[in-house]
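Below is one structure, written out as structure tokens, with a few remarks after it.
Residue numbers (my numbering): 76 to 203.
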């Protein structure tokens with residue numbers, strides 16, 4: 076089971092927006108509501124974990140900056156206390172999209188992304 080205690084969390088970069096632009100992977104109707112940057116090796120290798128919402132469900136995707144090699148990446152999301160939807164593997168571009176398995180309107184969500192074994196995200200967030 077994926078929990079915040081089991082993850083090594085990265086400190087988000089201080090960029091004004093995502094290091095890597097959102098790619099629309101969650102589909103039409105989903106808007107970005109939050110993100111976390113993961114920056115490694117002095118910023119030469121980086122990824123952004125995006126949380127999106129369409130009025131009914133949330134979606135998460137982790138997108139890497141460089142696309143010239145595969146890297147271990149992960150995207151995970153759930154309605155807080157519910158079952159996880161997780162995509163994990165070696166990818167050139169992104170992990171995910173993953174979606175809350177039930178309607179998340181009015182409920183808190185837990186969402187995380189991983190890049191090179193470093194994870195970032197939030198528990199019990201966006202509870203509106």
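Positions of the beta carbon are idealized from the N, C-alpha and C atoms, including for glycine.
Since the structure is predicted, the reported quantities are computational estimates derived from the model, not experimental observations.
- Apart from sequence neighbours up to five positions away, the residues of its chain that approach residue 144 with a beta-carbon distance below 8 Å are 167, ordered along the chain.
- Non-local C-beta neighbours of residue 177 in its own chain, meaning closer than 6 Å and more than five positions away in sequence, comprise 154, ordered along the chain.
- Here residue 139 is bridged, per DSSP, to 122.
- Residue 129 has its alpha-carbon roughly 13 Å from the corresponding atom of residue 203.
- One alpha carbon belongs to residue 97, the other to residue 149, and they sit about 16 Å apart.
- Check the Cα spacing between residue 123 and each of 117, 133, 116, 110: the tightest is with 110.
- In this structure residue 190 is buried. Its beta-carbon is surrounded by 16 or more other beta-carbon atoms within 10 angstroms.
- Each of 179, 181, 180, 170 was checked against the Cα of residue 187, and the nearest Cα belongs to 170.
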